[in-house]
Amino acid sequence: MIQETMPPENPRSLTTEQVTAVAAYLLRENGIPPGDTYLTFASLGQAIAGEETDRPVSTNPIRPPVPGRIGTGPSGTGVNAAPEVAEISETPTGVTRTYRTASQFTSVSDEELADPPRADWLHWRGTPGAQGYSPLGQINRGNVHRLQLAWVWGMEPGISQPSFLVRNGVIFLPNQANVIQAVDGKDGTLLWEYRRQFAE
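In our numbering, the protein residues as written are 5 to 204.
1. Count Cβ pairs between the stretch 145-160 and the stretch 177-192 that sit closer than 8 Å; are there 3 or more?
2. Pull up the distance between the alpha-carbon of R171 and that of V23, whole angstroms please.
3. Run through the DSSP bridge pairs and tell me what N179 is partnered with.
4. Any chance the stretch 121-133 sits against the stretch 142-152, with 3 or more Cβ pairs inside 8 Å?
5. Kindly indicate which three-state DSSP category V99 falls into: helix, strand or coil?
6. What does a CB cutoff of less than 6 Å around L151 pick up in its chain, not counting 5 residues either side in sequence?
7. Considering L195, what are the terminal residues of the beta strand (DSSP E) in which it resides?
8. Please report the Cβ distance between T97 and R199, rounded to the nearest whole angstrom; I am assuming they are in contact, meaning their Cβ atoms lie under 8 Å.
9. Report the rounded CA-to-CA distance for T76 versus E8, giving the unit in angstroms.
10. Under 7 Å, do W196 and T110 count as touching if we go by C-beta distance?
11. For V174, count neighbouring Cβ atoms within 10 angstroms of its own Cβ and tell me buried if that reaches 16, exposed if not.
12. From P139 to V99, what distance separates their C-alpha atoms?
13. Just to confirm before moving on: does the CB-CB distance between W125 and L169 stay below 7 Å?
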């Protein structure tokens with residue numbers, strides 16, 4: 005749990021020794037006396053000496069904090085709460101958590117990059133020439149005043165000036181600290197996120 009969620013602003017960034025030190029500190033501050041052996045990641049089951057139990061060790065997946073909200077856990081309500089279960093793929097350079105399948109995603113061709121579809125935003129500022137202009141005509145000067153907020157997404161903490169991409173209704177959002185998130189453009193539902201890991 006500590007390794008997956010701490011520190012809140014950059015989960016999974018602590019070393020094994022730091023995670024063990026945090027666990028030992030929490031036990032000590034809660035009046036738990038040290039045992040006869042060192043506390044390690046191999047200390048599965050009971051970490052509190054002298055309290056035997058037949059309860060099985062929980063195998064439920066750990067739920068990370070709601071992305072972009074420091075120190076909170078998902079409430080189970082709201083479209084931007086991380087679901088109970090995610091498919092986790094970890095490499096030496098990063099961790100990808102897939103919460104929902106981006107079923108509408110299709111690869112982008114060279115032709116589409118050169119001449120992007122009207123509904124997509126495939127480049128920084130939209131086009132290869134960075135025009136920053138959308139060719140969509142549904143919103144215009146006559147009706148723009150009727151636009152209303154549909155949803156809000158809390159980004160990772162820190163200073164950033166992101167430029168999102170859009171493909172088939174999926175918004176790809178770069179965050180502070182090398183985090184990329186894929187969000188459903190219709191309702192702000194988190195589909196997956198990638199967190200870059202750097203060698204110590």
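Beta carbons are placed, not taken as given, at the ideal position from N, Cα and C, and that holds for glycine.
Considering the structure as presented:
1. yes
2. Taking the first residue of the sequence shown as 1, we reach residue 171 at position 167. Taking the first residue of the sequence shown as 1, we reach residue 23 at position 19. Whole-angstrom Cα-Cα distance: 38 Å.
3. Here residue 179 refers to the residue found at position 175 of the sequence shown. BP columns for N179 point to V183.
4. no
5. On the sequence shown, residue 99 is found 95 positions in, with the first residue counted as 1. Note: V99 maps to strand in three-state DSSP.
6. Sequence index remark: in the sequence shown, residue 151 carries index 147 (1-based). Taken in chain order, the list of residues that qualify is empty.
7. Numbered from 1 along the sequence shown, position 191 holds the residue referred to as residue 195. Start and end: 194-200.
8. Position 93 of the sequence shown holds residue 97. Position 195 of the sequence shown holds residue 199. Not confirmed; about 10 Å, so no contact.
9. Translated into positions along the sequence shown, residue 76 becomes position 72. Translated into positions along the sequence shown, residue 8 becomes position 4. Unreliable positioning characterises T76 in this predicted model, as indicated by a pLDDT of 41, which lies under 50. The coordinate reading is nonetheless provided below. The alpha-carbon atoms of T76 and E8 are separated by roughly 13 Å.
10. On the sequence shown, residue 196 is found 192 positions in, with the first residue counted as 1. On the sequence shown, residue 110 is found 106 positions in, with the first residue counted as 1. No. Outside cutoff.
11. Against the sequence shown, residue 174 aligns to sequence position 170. Result: buried.
12. Counting from one through the sequence shown, the residue named residue 139 turns up at place 135. Counting from one through the sequence shown, the residue named residue 99 turns up at place 95. C-alpha separation (whole angstroms): 36 Å.
13. Along the sequence shown, read from residue 1 onward, the residue named residue 125 stands at position 121. Along the sequence shown, read from residue 1 onward, the residue named residue 169 stands at position 165. Yes. Within cutoff.
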